[in-house]
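Colleague: The structure under discussion is supplied below as structure tokens; questions concerning it will follow.
Protein chains: 2
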Amino acid sequence: MSKRPDKSSSNRLSSSPPDELNHIPLLKILSSADRQRVLQDLTEQHYTKRDVIFREGDPTEYFHIVKEGTVKCVKSSPEGKECTLKMLMPGDLFCCDAAAFEGALHPGTAQPMGDVSILRMNKKSYFDMLRRNPEAAIEVIKHLGNRLNEAQEKAKVLALDRADQRLASLLVELATKNGAKDPQGIKLPMRLTRQDMANMVGTTTETAIRIMSRFKRDRLVSGTATRLIIRDLAGLKALASA
Amino acid sequence: MSKRPDKSSSNRLSSSPPDELNHIPLLKILSSADRQRVLQDLTEQHYTKRDVIFREGDPTEYFHIVKEGTVKCVKSSPEGKECTLKMLMPGDLFCCDAAAFEGALHPGTAQPMGDVSILRMNKKSYFDMLRRNPEAAIEVIKHLGNRLNEAQEKAKVLALDRADQRLASLLVELATKNGAKDPQGIKLPMRLTRQDMANMVGTTTETAIRIMSRFKRDRLVSGTATRLIIRDLAGLKALASA
DNA sequence: AAAATAATATGACGTAAATCATGTTTTGAA
DNA sequence: TTCAAAACATGATTTACGTCATATTATTTT
């Protein structure tokens, strides 16, 4: 069982230095007046990897922005199998739409991969912001469009590719979007076990381990969960579309 | 090779009877003044099943609304395998976001399943409409949110379920959302071959045929492509989550 | 530092589904 | 109506991957 979030660590933002939030595209585009207003409505929440932010089936109450850390979006089947649909990174929005429907339930669970900070806003404030500010609405449309493309690309890969290709695609995507340069290659910014990878590409932990062992032997990657390095991005790309 | 759309059948809409378009949620929410303005910018296009509306990799030029008929969204792999991501029905929007990015390319192909009518608008007019009309932007956000949920549910099913469960899920979804009552059960409104189904659930035509034969034997469905009837929706639902 | 827990590794075996092959039925075009 | 092309059907064989089992090595936690 996982603990509820530590609400004692939440706080209003109106006093925060505004430039701290400048890396969040949605906030950047607001006029400085409206931005003040929006900051009034946002609160900051802190979670650890043992918390859940919300669970599949919970009623939707807030619009969320990832401020710091990594959050995974998970769905599970009745038999307890899990599937990780998306890793959210700083600046990413979530529940930017489900909240639209009164009485809607969360279609999946949001779980921190480590320590994370989340900004959130209640439904009413969120929709008020969108109504006041068409540019913000367009920003949300862009974000949702990107998410939809990603989700459809993921479905395609799941439908057409072998497990090793799917895993290679995953590593390429993570390295490209979130990787940091490293003397040995590209380092992934979050702790990522073989089990996590398996859940992201629709296979079993054992299969993910076998494939990663092969990738390691072929000098495509090195390291394990805590420090995973992509050594040959081009090689992985080739494998992904072979 | 497929023909280009028959442009001779396109026409302005400003003279059309407005109530003909009342079944399209996005247009319904506009003020009658703004609605006139929007109708000026929309044109109607007609396509047949031998056309493509646009192809994967084409530059994005227009925002689209399905007025009549069914459109499938397809992606294909380098080796020629195809995967159908979504069936668009009347009222559905498409390319409501990709157009946002200058120079963006279509991530998939849009192909009619038969005769279809499409309303379209160029990028500039579309974004002007959104900027003038926050309610329209919110409507697009809702639509994209639904599409994202569907795409993620699809990815989950592809990741976790067997081929027969995926096919059962597909039939349940199509019957529920688009089916029409029929003396024998629920009739699906579009021509749908075993190959189409295979492409939608990430399997081969042979496997889809075998599974459908079993469904037929078990009185879950009857008929073929031209007239497909769902006879036991509850049975299919049970199978989908078994 | 020790103990407990989680992650990685590898083998043996079973099975769902792909592939290849060939035939029949249905649909649509000439 | 006839003919050609799709669509549907079914068997035989192969294969990628899941499942179960059992170690070994890393990480946390106490």
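Chains as they are written, first to last, in my numbering: chain L, 1 to 242; chain S, 1001 to 1242.
All residues carry an ideal CB built from backbone N, CA and C; glycine is no exception.
Note that the coordinates shown come from a computational prediction; the quantities given were computed from them, not determined experimentally.
Below 9 Å between beta carbons is the criterion; list the residues of the region 24-55 of chain L that meet it against any residue of chain S, in chain order.
Modeller: Within the region 24-55 of chain L, no residue has a Cβ that lies closer than 9 Å to any Cβ of chain S.
Colleague: Indicate the three-state DSSP secondary structure (helix, strand or coil) for P1134 (chain S) in the structure shown.
Modeller: Correct three-state label for P1134 (chain S): helix.
Colleague: Going by DSSP, which residues form a beta bridge with S1076 (chain S)?
Modeller: Note: S1076 (chain S) sits in a beta bridge opposite S:E1082.
Colleague: Could you check which residue in S:L1027, S:K1237 and S:H1023 has the C-alpha nearest to that of L1174 (chain S)?
Modeller: It is S:K1237 whose Cα lies nearest to the Cα of L1174 (chain S).
Colleague: Is it the case that the region 29-48 of chain L contacts the region 99-107 of chain L, given that we only count it when at least three CB pairs across the two stretches are under 8 Å?
Modeller: Counting Cβ pairs under 8 Å, fewer than three are found: no touch.
Colleague: Ignore the nearest five residues each way along the sequence and tell me which others in R1217 (chain S)'s own chain have a CB closer than 8 Å to its CB.
Modeller: Answer for R1217 (chain S): no residue qualifies.
Colleague: Within its chain, find whatever has a CB closer than 8 Å to the CB of P59 (chain L); leave out the 5 residues flanking it on each side and keep chain order.
Modeller: Contacts found: G103, A104, L105 and H106.
Colleague: Pop quiz: A33 (chain L) and L1158 (chain S) are said to be a contact at Cβ under 8 Å. What is the actual Cβ separation, rounded to whole angstroms?
Modeller: The Cβ separation is near 46 Å, so there is no contact.
Colleague: What residues are listed by DSSP as bridge partners for E1068 (chain S)?
Modeller: The partner list for E1068 (chain S) (beta bridge, DSSP) reads S:S1117.
Colleague: Skipping 5 residues on each side, what residues in its chain have a beta carbon closer than 6 Å to that of S76 (chain L)?
Modeller: Around S76 (chain L): E82.
Colleague: Roughly how many angstroms lie between the CA atoms of G1091 (chain S) and A1136 (chain S), to the nearest whole one?
Modeller: So the alpha carbons of these two residues sit roughly 14 Å apart.
Colleague: Below 8 Å on the Cβ atoms is my guess for S1169 (chain S) versus D1041 (chain S); work out the distance and round it to an integer in Å.
Modeller: About 38 Å; that fails the 8 Å criterion.
Colleague: Residues of chain S with CB closer than 7 Å to the CB of P78 (chain L), please, in chain order.
Modeller: By Cβ distance, chain S contributes S1241.
Colleague: How about R131 (chain L) and P1134 (chain S): do their beta carbons lie closer than 8 Å?
Modeller: Closer than 8 Å, so yes.
Colleague: Checking 8 Å against the spacing of the C-beta atoms, do G1185 (chain S) and R1231 (chain S) come in under that value?
Modeller: Contact flag set, yes.
Colleague: To the nearest angstrom, report how far apart M1129 (chain S) and V1038 (chain S) are at their CA atoms.
Modeller: Approximately 7 Å, taken between the alpha carbons.
Colleague: If the cut is a Cβ gap below 9 Å, which residues of chain L does P1059 (chain S) touch?
Modeller: The premise fails here: P1059 (chain S) is roughly 15 Å from chain L at the closest Cβ pair, so nothing lies under 9 Å.
Colleague: Since T109 (chain L) contacts V52 (chain L) with CB under 8 Å, what's their CB separation in whole angstroms?
Modeller: Going by Cβ atoms, the distance from T109 (chain L) to V52 (chain L) rounds to 6 Å, so yes, they are a contact pair.
Colleague: By how many angstroms is the C-alpha of F1063 (chain S) removed from the C-alpha of L1188 (chain S)?
Modeller: Rounded to the nearest angstrom, the two C-alpha atoms are 27 Å apart.
Colleague: Counting only beta-carbon separations shorter than 8 Å, does V244 (chain L) have a partner in chain S?
Modeller: Outside the displayed span of chain L (1 to 242) sits residue 244 (chain L), for which this structure offers no information.
Colleague: Is V1172 (chain S) helix, strand or coil by DSSP?
Modeller: Helix at V1172 (chain S).
Colleague: What does the alpha-carbon distance come out to for the pair T1176 (chain S) and K123 (chain L)?
Modeller: Whole-angstrom Cα-Cα distance: 29 Å.
Colleague: What residues in the region 82-94 of chain L bring their beta carbon closer than 7 Å to a beta carbon of chain S?
Modeller: Per Cβ criterion, the list reads C83 and L85.
Colleague: Assuming the contact rule is C-beta atoms closer than 8 Å, A225 (chain L) and L192 (chain L) should be a hit. Round their C-beta distance to whole Å, please.
Modeller: Sure, about 6 Å apart at Cβ, within 8 Å.
Colleague: Please state whether the Cβ-Cβ distance between T84 (chain L) and V116 (chain L) is less than 8 Å.
Modeller: Not in contact: T84 (chain L) and V116 (chain L) (Cβ atoms no closer than 8 Å).
Colleague: If L1167 (chain S) and I1211 (chain S) are in contact, beta carbons under 8 Å, what's the gap, nearest whole angstrom?
Modeller: With a Cβ gap of about 5 Å, L1167 (chain S) and I1211 (chain S) count as contacting.
Colleague: Indicate whether Q1165 (chain S) and A1234 (chain S) have their beta-carbon atoms separated by less than 8 Å.
Modeller: Contact flag unset, no.
Colleague: Could you tell me if E1139 (chain S) is buried or exposed, where buried requires 16 or more neighbouring beta carbons within 10 angstroms of its beta carbon?
Modeller: The residue in question, E1139 (chain S), is buried, as its Cβ has 16 or more Cβ neighbours within 10 Å.
Colleague: Which runs of the alpha helix (DSSP H), 4 residues or longer, sit entirely within the region 27-53 of chain L?
Modeller: Counting only runs of 4 or more, we get 32-41.
Colleague: How many angstroms separate the CA atom of R219 (chain L) from the CA atom of R120 (chain L)?
Modeller: Answer to the nearest angstrom: the Cα atoms are 42 Å apart.
Colleague: Determine whether the Cβ of L1160 (chain S) lies closer than 8 Å to any Cβ atom of chain L.
Modeller: With 8 Å as the cut-off, L1160 (chain S) counts as an interface residue toward chain L.
Colleague: For a test of the three-state rule: what should DSSP assign to I209 (chain L), helix, strand or coil?
Modeller: Reduced to three states, the DSSP call for I209 (chain L) is helix.
Colleague: Return the residue from the list S:E1056, S:F1215, S:V1074 and S:F1094 that minimises the CA-CA distance to I1141 (chain S).
Modeller: Comparing Cα positions, the closest option is S:F1094.
Colleague: Could you please tell me which residues of the region 1160-1188 of chain S, in chain order, have their CB closer than 7 Å to any CB of chain L?
Modeller: Taking 7 Å as the Cβ-Cβ cut-off against chain L, the residues of the region 1160-1188 of chain S that qualify are L1160.
Colleague: Below 8 Å on the Cβ atoms is my contact criterion, and I expect L144 (chain L) with G1114 (chain S) to pass it. Report the Cβ-Cβ distance as a whole number of Å.
Modeller: Incorrect: roughly 29 Å between the Cβ atoms, too far for contact.
Colleague: Nearest by alpha-carbon distance to C96 (chain L): which of L:V74, L:V66, L:E79 and L:N22 is it?
Modeller: Measuring from the Cα of C96 (chain L), the nearest candidate turns out to be L:V66.
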